[in-house]
Structures are given as C-alpha cells and as structure tokens.
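Peer 1:
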Amino acid sequence: MPGTPVRNGRQGRRQGRRNSIWAVRATAVAACGTLALTACGSTKDSGATGAGSGKVGVILPLLTSPFWQSYNDYVPKMAASEGVDALKTVNSNSDPSQQITDINNELNQGVKGLVVAPLDSAAIQAGLDQAERKGVPVVAVDVAPDKGKVAMVVRADNVAYGEKACQYLGAHVTSGKVVQIMGDLASVNGRDRSQAFRACVKKNFPKLKVLEIPAKWESDTAASKLDTLLNANPDIKGIYLQAGGVYLAPTLQTLKSKNMLKKAGAAGHIVIVSNDGIPQEFDAIRKGEIDATVSQPADAYAKYGMYYIKAAMQGKKFQPGPTDHDSTIVKLPSGILEDQLPAPLVTKDNVDDPKLWGNTVK
C-alpha cells in the first residue's frame, strides 16, 4: 500500500501539533494557578461578551444610611474610572423581596453584568439563579450570599469587625455589662459580627457580660430597644454598634436623653465602638462621644465592584491569595471567592488621617 507511509507521516505531524498545543495550554493553566490576582481567561463560555462591554446594573440595599449614601455617590465615579457603563443605581429600600424584583427588572433591560449588595444572604439566591440562567455575571458587594453563583464577593472581613470591637472594649472596660446592637441576622454580616464579638469576649474578657439588641439595621428599633435596656441596666459600661450609619444617631440621642452621654475621659463615660467609618462617626470621635470605629471601605467597595464585574464580563477568573491592593482573596466554605479588603480601626489617634474615605466626603 504505497499511500500508507505518507498518511502515517501526516498523522504523526498532526499529532505532534496537537501535543504542542496541549503542552502550551497546560503550561498556561499551571502558571495561572500560581498567581493569586492573575485574571485567567475562562475556558467555558459564561454568556458574557468577550470584550466585557455592555450595561451594568447596580443594586443598593438601602439609602437611609450615610454609608450607603456614600457608596452610591462613589459608584458612578468608580464606574467611569474602571471603564464600566453603569446604569443609574436602584435602591431596594431594605426589602429582600424587592431586591429580587430589582434584579429581574435589570435583567429584563438587557444588562450584561450586575453589582448587587444583598440584603438577605439566603433570599438573594433567587436573583442570582435568574442571572445565571441568563448568562449574566454578578458581583456581590458587602454581603456574601449563602448560595448562588457570583463571580466575586467584594467585602471586608466581618469577623474581624466583631473581634476589633471586642478587643477595644476589653482593653478599656475591665468588668461589667457591655451591649452589642446587632445587625440583621439574616445577613452574613450580622451573623459574623455578632458571633465574633460574643466569642471574643467569652474567650478573652470573662469579666464582661454581653447584652444583645437585635435591631436588623433599623434605627428606630435600635433606639427603642436601647432605651428599654438602659432602663433595666443603667450600669452599662460599653456599647458596640454594628452599623454606625443606622445606629450612631439613635444611640447618641438615647444616651443624651437619659443624661448618660459623657465625653471620653469624664466620669461615667460609656465606651462606644462602631462600624462603618462615616464622617459622622469621625466627628463623634473628635468630640469624645464615641471612642472608635472600624472603617468599612465604601470607596473600595465601589471601585472593586466595578473592577470585578468588568473582569467577569471578559470571562476572567481569579485564584485565592494576596492581591496587589493590600487585600486577600479567600475561598468561602460555599466555594465562592471573596476579596477581603482592608478595614482599619479608627480612634482619636488616627481619625484625621486623610487616607480614610470618611475624611474625603464633602
């Protein structure tokens, strides 16, 4: 069979080319796995446009908090700087059901990406599933979903929030009663902060007794329950506010109404640690009304929400490990990746730091 040697030679050359191609691909994949923040092109079509173009919907949880008002102001600026075509933000008004409706409305408008700050870590799955069915990538900001597909969670370490508050209070209150005004326990943020604070006090400061107010991120609820608690426990020594944006004003007003708002250093001062890093907290620290807060990065939430949704629309992937912006990408138990951004403790010693976003808000 005179043609056989020629055919075998062609087959050998074809196989050689195939082997070379697979070797290159294997090398690329291996190299990708060694870099934490290397964006690696997905080998699977996610339904997104290859160039990462298209409209992006941005859904807020609420706008009654100065923190979320600031985030809302940062969104268009960060979208422009990251080259993302973001639609006008949508406010879900603290309603998890409305948030699912908002997601569906954005999808029906043909958005190619979504940046969502979930209100309820479990309920958000319905919206995430709908986005996945339509091939639209989602980046979650501030709150991680319990289930559902997201390209990335942009968030700070909320366990560290509770631990930092515990350590500060424990260092300044030797014994007695302290209160934590908790967030919504349907949110992983509320759970993480509450459990971390409680566990840290139990382990490190056994002379402190923790009293708890479940307030669901609602200022009126916080004020009413704090008033009742103080009537029964006028000897409170410290307070942990899990969200200064909604709890700071009602807490200070309640203490003032009972003549219990004493400046730091004065007899009877109640040590107060907060979370958010809004300008109002910084002013309260300067006045001696509260002692510390954890600065939750509203500016970086907006910036990296836009960064990751653009990357997701381009089909890029990321690996756990340190990033180039002083954070760490971790894999959550659910398998979702989370970029844990820095969130520093702010006290009277560093409250005027110009790098803090709360000092840049006009």
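In terms of the working numbering, the sequence shown opens at residue 26 and continues consecutively.
Note that beta-carbon positions come from the ideal geometry of N, C-alpha and C, so glycine has one too.
A quick note: this is a predicted structure, and the numbers were derived from the prediction, not measured.
1) Excluding five sequence neighbours on each side, which residues of the same chain lie with their C-beta closer than 6 Å to the C-beta of ALA309?
2) Our contact map puts ALA323 next to TYR99 with C-beta atoms below 8 Å; I'd like the distance itself, whole angstroms only.
3) Counting only runs that start and end within the segment 175-230, where is the alpha helix (DSSP H) found for 4 or more residues in a row?
4) If I'm right that LEU362 touches PHE343 with Cβ under 8 Å, what's the distance once you round it to whole angstroms?
5) Go through its chain and collect everything with a Cβ distance to VAL109's Cβ below 7 Å, but skip five positions before and after it.
6) Identify the residues that DSSP records as bridge partners of PRO239: which are they?
7) Mind checking who GLY263 pairs with in its DSSP beta bridge?
8) Assuming ALA156 is part of the alpha helix (DSSP H), what are its boundary residues?
9) Kindly list the residues whose CB is nearer than 7 Å to the CB of LEU273, restricted to its own chain and excluding five residues on each side of it in sequence; keep chain order.
10) Quick test of your reading: VAL136 and CYS191, contact by CB under 8 Å. State the CB separation rounded to the nearest angstrom.
11) Using three-state DSSP, classify VAL319 as helix, strand or coil.
12) What number of angstroms, rounded off, separates the C-alpha of LYS189 from the C-alpha of LYS283?
13) Would TRP93 and ALA142 qualify as a contact pair, given that the criterion is a beta-carbon distance under 9 Å?
14) Pull up the DSSP beta-bridge partners for LYS234, would you.
15) Tell me whether ARG180 is buried or exposed, calling it buried when 16 or more other Cβ atoms sit within 10 Å of its Cβ.
16) Residue range of the beta strand (DSSP E) that THR126 falls in?
17) Spell out a yes or no on whether the segment 111-122 and the segment 161-174 are touching, meaning 3 or more CB-CB pairs, one atom from each, closer than 8 Å.
18) Could you compute how far the alpha carbon of ASN229 sits from the alpha carbon of ASP374?
19) Under a Cβ-count criterion, where at least 16 other Cβ atoms within 10 Å of its own Cβ denotes burial, should ASP245 be classed as buried or exposed?
20) Out of GLY269, GLY270, LEU251, which has the shortest C-alpha to C-alpha gap to LYS281?
21) For ALA73, count neighbouring Cβ atoms within 10 angstroms of its own Cβ and tell me buried if that reaches 16, exposed if not.
22) Between THR372 and ALA268, what straight-line distance do the alpha-carbon atoms span, to the nearest angstrom?
23) Could you name the residues of the same chain whose beta carbon sits closer than 7 Å to that of SER71, not counting the 5 residues immediately before and after it, in chain order?
24) Using a Cβ-Cβ cutoff of less than 7 Å, which residues in the same chain neighbour HIS294 once the five nearest sequence positions on both sides are dropped?
25) To the nearest angstrom, how far is it from the Cα of ALA257 to the Cα of SER359?
26) Pick helix, strand or coil for THR89, following the three-state DSSP scheme.
27) Once you ignore the five residues that flank LYS328 on each side, which residues in its own chain have a CB closer than 6 Å to its CB?
28) For ASP349, count neighbouring C-beta atoms within 10 Å of its own C-beta (all shown protein chains included) and say buried if the count is 16 or more, exposed if not.
29) Just how far apart, CA to CA, sit THR276 and VAL319?
30) What would DSSP say about LYS335, mapped onto helix, strand or coil?
31) Do ALA151 and ILE125 come within 9 Å of each other at the CB atom, strictly closer than that value?
32) Helix, strand or coil: which one does DSSP assign to GLU314?
33) Ordered along the chain, which non-local residues of its own chain (more than five positions away) have a Cβ less than 6 Å from that of SER119?
34) Specify the secondary structure class of ASN384 as computed by DSSP and reduced to three states.
35) Please determine, among THR385, LEU366, GLY79, ASP260, the residue with the shortest C-alpha to C-alpha distance to ALA185.
Peer 2: The structure says:
1) For the purposes of this step, residue 309 is taken as residue 284 along the sequence shown, with counting starting at 1. Excluding sequence neighbours, ALA309 sits near ILE315.
2) On the sequence shown, position 298 is the one that residue 323 refers to. On the sequence shown, position 74 is the one that residue 99 refers to. Yes, ALA323 and TYR99 are in contact; Cβ-Cβ is about 6 Å, under 8 Å.
3) 183-197, 213-229
4) If you number the sequence shown from 1, residue 362 lands on position 337. If you number the sequence shown from 1, residue 343 lands on position 318. The Cβ separation is near 6 Å, so the contact holds.
5) For the purposes of this step, residue 109 is taken as residue 84 along the sequence shown, with counting starting at 1. Excluding residues within five positions, the ones whose Cβ falls inside 7 Å are VAL81, MET331, ILE334, LYS335.
6) Within the sequence shown, residue 239 is the residue found at index 214, counting from 1. In the DSSP output, where bridge partners are listed per residue, PRO239 has MET207.
7) The sequence position of residue 263 within the sequence shown is 238, counting from 1. VAL203, VAL296, per the DSSP bridge assignment.
8) For this step, residue 156 is matched to residue 131 along the sequence shown. Unbroken alpha helix (DSSP H) run through ALA156: 150-158.
9) Working through the sequence shown from its first residue, we reach residue 273 at position 248. Correct list, in chain order: LEU266, SER299, GLN305, GLU306, ALA309.
10) To locate residue 136, count along the sequence shown from 1; it is residue 111. To locate residue 191, count along the sequence shown from 1; it is residue 166. VAL136 to CYS191, Cβ: 41 Å. No contact.
11) The sequence position of residue 319 within the sequence shown is 294, counting from 1. Of the three classes helix, strand and coil, the one that applies to VAL319 here is strand, per DSSP.
12) Position 164 of the sequence shown holds residue 189. Position 258 of the sequence shown holds residue 283. Cα to Cα, LYS189 sits roughly 28 Å from LYS283.
13) As a position in the sequence shown, residue 93 is number 68, starting the count at 1. As a position in the sequence shown, residue 142 is number 117, starting the count at 1. Yes.
14) Here residue 234 refers to the residue found at position 209 of the sequence shown. DSSP output for LYS234 lists LYS202 as bridge partner(s).
15) Residue mapping note: residue 180 aligns to position 155 of the sequence shown, counting from 1. Classification for ARG180: buried.
16) Reading the sequence shown from its first residue, position 101 is the one you call residue 126. Segment 121-133 is the alpha helix (DSSP H) holding THR126; no beta strand (DSSP E) there.
17) no
18) The residue given as residue 229 occupies position 204 in the sequence shown. The residue given as residue 374 occupies position 349 in the sequence shown. When rounded, the separation of the alpha-carbon atoms in ASN229 and ASP374 is 24 Å.
19) What you label residue 245 is simply residue 220 of the sequence shown in a count that begins at 1. Label assigned to ASP245: exposed.
20) What you label residue 281 is simply residue 256 of the sequence shown in a count that begins at 1. When only C-alpha atoms are compared, the closest one is LEU251.
21) As a working mapping, residue 73 is identified with position 48 in the sequence shown. With a pLDDT of only 37 at ALA73, under 50, the local geometry of the prediction cannot be trusted, and the value read off the model is given with reservation. Classification of ALA73: buried, given that the 10 Å Cβ count is 16 or more.
22) Within the sequence shown, the letter at position 347 stands for residue 372. Within the sequence shown, the letter at position 243 stands for residue 268. Cα-Cα distance, rounded: 16 Å.
23) For the purposes of this step, residue 71 is taken as residue 46 along the sequence shown, with counting starting at 1. Confidence at SER71 is low in this model, with a pLDDT of 35, below 50, so its placement is unreliable and the value that follows should be read with caution. Excluding positions up to five away in sequence, the list reads GLY160, PRO162, GLY340.
24) The count along the sequence shown starts at 1 and reaches residue 294 at position 269. The answer, listed in chain order, is LYS287, LYS288.
25) For the purposes of this step, residue 257 is identified with residue 232 of the sequence shown, where counting begins at 1. For the purposes of this step, residue 359 is identified with residue 334 of the sequence shown, where counting begins at 1. Rounded to the nearest angstrom, the two C-alpha atoms are 41 Å apart.
26) For the purposes of this step, residue 89 is taken as the residue at position 64 of the sequence shown. In the structure shown, THR89 sits in coil (DSSP, three-state: anything other than H, G, I, E or B).
27) Locating residue 328 in the sequence shown gives position 303, counting from the first residue. Counting only residues of its own chain and dropping the five nearest sequence neighbours on each side, LYS328 has a CB closer than 6 Å to the CB of MET103.
28) Within the sequence shown, residue 349 is the residue found at index 324, counting from 1. That one is exposed.
29) The count along the sequence shown starts at 1 and reaches residue 276 at position 251. The count along the sequence shown starts at 1 and reaches residue 319 at position 294. Computed Cα separation, rounded: 17 Å.
30) Working through the sequence shown from its first residue, we reach residue 335 at position 310. If DSSP states are grouped into helix, strand and coil, LYS335 belongs with the helices.
31) The residue labelled residue 125 in the question sits at position 100 within the sequence shown. The residue labelled residue 151 in the question sits at position 126 within the sequence shown. Taking 9 Å as the Cβ cut-off, ILE125 and ALA151 qualify as a contacting pair.
32) Numbered from its first residue, the sequence shown carries residue 314 at position 289. Coil.
33) Residue numbering aside, residue 119 sits at position 94 when the sequence shown is read from its first letter. Correct list, in chain order: LEU87.
34) Position 359 of the sequence shown, counting from 1, holds the residue named residue 384. Helix.
35) The residue given as residue 185 occupies position 160 in the sequence shown. Put simply, of THR385, LEU366, GLY79, ASP260 the residue whose alpha carbon is nearest the alpha carbon of ALA185 is LEU366.
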